[in-house]
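Below is one structure, written out as structure tokens; the observations come after it.
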Amino acid sequence: MGKTLSEKIISSHCGKEVTPGELVIANIDGALVQDGTGPLSVEELRKANMVMAAVPDRTVLFLDHASPSPRKELSNAHIILRNFARETGVILSEIGDGVCHQRIVEDYARPGDLIVGADSHTVTAGALGAFATGMGSSDVGFAMALGKVWLKIPEAFRVELTGSLSEAVYSKDVILHLIGSITADGATYNALEFTGPGATALSMSDRMTISNMAVEAGAKVGLFESDDSTREYLEEMSRGQDWKRMAPDPDASYQRTIELDLGTVEPTVSCPHTVDNTSPASELGEVEIDQAVVGTCTNGRIEDLRVAASLLRRRKVSDQVRLLVVPASRRVYLEALREGLLETFVESNGTVLPPGCGPCVGVHQGVLGDGETCISTQNRNFHGRMGNPKGSIYLGSPATVAASALTGRITDPREV
Amino acid sequence: MLEGKAFKFGDNISTDHITPGRYFHLRGDIEKLAEHTLEDADETFASRVSEGDFVVAGNNFGLGSSREHAPRVIKQCGVATILAESFARIFYRNAINIGLPVIECDTSQIEDGDRIQVDLDEGKVRVPEKQIEVSFTPFPDFMKELLADGGLSAHLQKNKGFKIGGSSDGP
Ligand code: SF4
Numbered sequence: 000m001g002k003t004l005s006e007k008i009i010s011s012h013c014g015k016e017v018t019p020g021e022l023v024i025a026n027i028d029g030a031l032v033q034d035g036t037g038p039l040s041v042e043e044l045r046k047a048n049m050v051m052a053a054v055p056d057r058t059v060l061f062l063d064h065a066s067p068s069p070r071k072e073l074s075n076a077h078i079i080l081r082n083f084a085r086e087t088g089v090i091l092s093e094i095g096d097g098v099c100h101q102r103i104v105e106d107y108a109r110p111g112d113l114i115v116g117a118d119s120h121t122v123t124a125g126a127l128g129a130f131a132t133g134m135g136s137s138d139v140g141f142a143m144a145l146g147k148v149w150l151k152i153p154e155a156f157r158v159e160l161t162g163s164l165s166e167a168v169y170s171k172d173v174i175l176h177l178i179g180s181i182t183a184d185g186a187t188y189n190a191l192e193f194t195g196p197g198a199t200a201l202s203m204s205d206r207m208t209i210s211n212m213a214v215e216a217g218a219k220v221g222l223f224e225s226d227d228s229t230r231e232y233l234e235e236m237s238r239g240q241d242w243k244r245m246a247p248d249p250d251a252s253y254q255r256t257i258e259l260d261l262g263t264v265e266p267t268v269s270c271p272h273t274v275d276n277t278s279p280a281s282e283l284g285e286v287e288i289d290q291a292v293v294g295t296c297t298n299g300r301i302e303d304l305r306v307a308a309s310l311l312r313r314r315k316v317s318d319q320v321r322l323l324v325v326p327a328s329r330r331v332y333l334e335a336l337r338e339g340l341l342e343t344f345v346e347s348n349g350t351v352l353p354p355g356c357g358p359c360v361g362v363h364q365g366v367l368g369d370g371e372t373c374i375s376t377q378n379r380n381f382h383g384r385m386g387n388p389k390g391s392i393y394l395g396s397p398a399t400v401a402a403s404a405l406t407g408r409i410t411d412p413r414e415v
Numbered sequence: 000m001l002e003g004k005a006f007k008f009g010d011n012i013s014t015d016h017i018t019p020g021r022y023f024h025l026r027g028d029i030e031k032l033a034e035h036t037l038e039d040a041d042e043t044f045a046s047r048v049s050e051g052d053f054v055v056a057g058n059n060f061g062l063g064s065s066r067e068h069a070p071r072v073i074k075q076c077g078v079a080t081i082l083a084e085s086f087a088r089i090f091y092r093n094a095i096n097i098g099l100p101v102i103e104c105d106t107s108q109i110e111d112g113d114r115i116q117v118d119l120d121e122g123k124v125r126v127p128e129k130q131i132e133v134s135f136t137p138f139p140d141f142m143k144e145l146l147a148d149g150g151l152s153a154h155l156q157k158n159k160g161f162k163i164g165g166s167s168d169g170p
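Line by line, the protein sequences are chains A and B. Under numbering that gives the first Met the number 0, residues 0 to 415 are what the first sequence spells out, in order. Under numbering that gives the first Met the number 0, residues 0 to 170 are what the second sequence spells out, in order.
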């Protein structure tokens with residue numbers, strides 16, 4: 000019996016052939032924590048007298064969620080991570096360097112790797128063909144120290160993508176549409192493996208958006224095959240040597256196959272307060288917004304900023320709307336600066352924030368007021384997510400968010 | 000056997016309901032953070048819950064963030080176990096890792112305020128007053144061991160590494 004991509008990668012990290020349902024101890028290639036989860040990992044390791052790192056050159060501590068720090072407690076959390084990095088020799092990603100998941104795909108993840116992260120969107124690196132999955136502070140803390148983690152081998156769903164995206168439709172719309180149809184727990188405990196001609200045709204940035212949101216369907220991982228696009232991306236990141244081809248066996252057995260013709264997907268939004276509460280943007284009716292956000296680990300890449308800028312160029316956002324733009328990393332920020340995109344955002348009356356999570360998790364920078372509504376390119380619209388349980392969050396593609404910022408209401412990008 | 004009062008919640012209770020992002024700065028102080036447990040699902044929960052009570056929920060409990068603080072604050076409040084129709088993957092893992100048993104079972108008949116009994120070894124949940132009995136699959140051996148050891152940290156220290164099915168796998 001052939002193996003799924005998930006089974007192949009995990010097998011090669013635990014020295015035996017695995018089957019779904021089995022519990023194994025696997026070796027990791029890399030680990031990450033961030034400023035919201037890492038201090039607890041460090042505390043656990045200190046209590047257990049295990050202040051050490053098994054793979055220090057591939058263990059990264061990110062200061063990205065509260066960055067720059069808005070208050071002293073969080074500044075102190077940053078000190079905990081800086082000290083730990085100094086003591087163990089692991090890598091520290093400082094304020095302004097960017098969101099963990101973007102930096103992991105740019106600089107660390109390799110096809111075939113097994114990566115664990117104390118952040119649920121660690122799944123983003125699945126776009127490179129890495130088995131990357133989110134866990135808690137204890138799991139990842141001890142994985143950093145020992146280089147090992149316990150894992151249950153997931154059953155996999157094969158998501159067969161065909162066709163190509165229509166105009167003004169982006170991979171964000173695809174993943175929102177998919178989550179809307181399989182629901183927020185439709186893939187709990189499962190691996191999602193994206194394949195087919197539609198998947199091959201997607202750019203790496205498109206794939207990252209889809210992998211990033213696999214967890215919003217409950218999945219453990221959202222994997223793409225590693226192919227020529229993956230190689231080109233790694234070469235662009237000056238990491239061509241990290242490439243290898245990765246694909247499932249042709250006779251691998253999947254629990255379920257989901258087929259999706261990309262050509263049938265429309266601009267899609269998730270409505271409050273769950274990601275699977277989706278609707279085509281054109282059928283939403285009149286929803287006025289107060290804030291629009293372009294950025295985060297889901298859609299803060301240069302490709303996303305280009306799309307948003309193309310709609311905003313030589314136009315002004317609606318008087319009623321605050322537009323916040325957050326490049327995902329220092330690299331993206333610099334590229335956007337050089338291409339003149341930041342100028343476009345500022346001229347359109349938007350505000351550019353430093354690389355990091357920005358307003359996504361409600362820690363700072365763009366907390367919603369009572370009764371306010373936001374449309375964001377982020378991945379979650381849960382109750383209270385942007386710092387106020389009396390706020391409402393809609394999710395959409397960078398094009399939908401930019402179009403909505405212009406009109407002051409949620410707008411199908413084909414309208415503007 | 001565990002016995003206590005049920006606090007009933009619905010489907011899709013997220014880690015943002017349990018530990019809202021606006022209390023991010025309290026993550027270094029679990030006791031203070033726990034004063035806000037489940038605040039965005041039920042503002043009064045943390046003040047009403049007592050030692051040995053149960054959180055009972057519908058589908059997909061704990062979806063969202065990887066924040067281990069979510070099961071930690073629930074445990075800090077004295078909750079003995081969480082019963083739900085289903086759990087989000089990372090939440091489930093985190094709960095076991097910190098030594099908080101979480102049970103997947105049919106919770107549809109349990110109502111807010113019911114006195115319930117849970118027998119972890121037998122795999123039974125009972126509401127004696129209503130003559131309701133629900134079964135659940137007892138934990139696999141490795142998880143039983145993790146829980147018995149008191150969570151992941153204690154397990155790793157006791158066994159000098161991971162131990163699955165009797166075979167030790169040290170650092
Ligand atoms: S951008 Fe949002 S979803 Fe992504 S890591 Fe930061 S807080 Fe989490």
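Just so you know, even glycine gets a beta-carbon here, dropped at the ideal spot from N, CA and C.
- Under the Cβ criterion of 7 Å, I152 of chain A is not counted among the residues facing chain B.
- Contact between the segment 278-290 of chain A and the segment 316-336 of chain A is present, with at least three C-beta pairs closer than 8 Å.
- Listed in chain order, the beta strand (DSSP E) runs fully inside the segment 47-120 of chain A are 58-61, 90-92 and 113-116, counting runs of at least 3 residues.
- Listed along chain A, the residues sitting closer than 8 Å to P139 of chain B by beta-carbon distance are L22.
- Any Cβ of chain B closer than 7 Å to the Cβ of Y188 of chain A would place that residue at the interface, and such an atom is present.
- For P266 of chain A, the three-state secondary structure derived from DSSP is coil.
- Taking CB atoms only, N96 of chain B has a neighbour in chain A less than 7 Å away.
- A straight-line Cα-Cα distance of about 12 Å links G357 of chain A and I94 of chain A.
- Judged by DSSP secondary structure, N211 of chain A falls within the alpha helix (DSSP H) whose first and last residues are M203 to N211.
- The closest heavy atom of the ligand SF4 lies 6 Å or more from the beta carbon of T36 of chain A.
- DSSP, read as helix, strand or coil, puts P279 of chain A in strand.
- In this structure, the ligand SF4 has no non-hydrogen atom nearer than 6 Å to the beta-carbon of C373 of chain A.
- Across the structure, R88 of chain B and G386 of chain A are spaced so that their CA atoms are roughly 24 Å apart.
- Under the three-state reduction of DSSP, L44 of chain A is assigned to helix.
- As the crow flies, the alpha-carbon of E215 of chain A is around 7 Å from that of V274 of chain A.
- For N26 of chain A, the shortest separation between its Cβ and any heavy atom of the ligand SF4 does not lie below 6 Å.
- DSSP places S328 of chain A within a strand segment (E or B) once states are collapsed to three.
- Distances from the alpha-carbon of G368 of chain A to those of B:F6, B:D15, B:R21 and B:S65 put B:R21 closest.
- Contact annotation: H24 of chain B and R70 of chain A have beta-carbon atoms nearer than 7 Å.
- Of all residues in the segment 353-383 of chain A, those with a C-beta nearer than 7 Å to a C-beta of chain B are V360, G361, V362, R379, F381, H382 and G383, reading in chain order.
- Close CB contacts of V325 of chain A within its chain, under the 6 Å cut and outside five residues either way in sequence, are with G294, G299, L352 and G357 (chain order).
- For F141 of chain A, the closest Cβ of chain B is nearer than 7 Å.
- Residue range T372 to S375 is occupied by the beta strand (DSSP E) that includes T372 of chain A.
- Neighbours of S107 of chain B in chain A, taken as residues at a C-beta separation under 8 Å, are lacking, since the least C-beta distance is about 16 Å.
- Per DSSP, N26 of chain A is not a residue of any alpha helix (DSSP H); the beta strand (DSSP E) it occupies stretches across L22 to N26.
- CA-CA distance, D96 of chain A to D63 of chain A, rounds to 8 Å.
- In the three-state reduction of the DSSP assignment, K171 of chain A falls in the helix class.
- Taking a cut-off of 8 Å for Cβ pairs, the segment 389-401 of chain A and the segment 260-269 of chain A touch, as three or more such pairs fall below it.
- Any Cβ of chain A closer than 7 Å to the Cβ of I163 of chain B would place that residue at the interface, and such an atom is present.
- In this structure, A30 of chain A and S65 of chain B do not form a Cβ contact; the two beta carbons are roughly 13 Å apart against a cut-off of 8 Å.
- Listed along the chain, the chain A residues whose CB falls inside 8 Å of the CB of F23 of chain B are G35, H64, A65, L73, V360, G361 and V362.
- The segment 354-397 of chain A is shown to contain whole beta strand (DSSP E) runs of 3 or more residues at 372-375 and 391-394, in chain order.
- Close CB contacts of L39 of chain A within its chain, under the 7 Å cut and outside five residues either way in sequence, are with S136 (chain order).
- From the beta-carbon of R70 of chain A, the residues of chain B found nearer than 7 Å are H24.
- Assignment of G197 of chain A by DSSP, reduced to helix, strand and coil, places it in the helix class.
- In terms of beta-carbon proximity, S119 of chain A lines the interface with chain B, with at least one pair separated by less than 7 Å.
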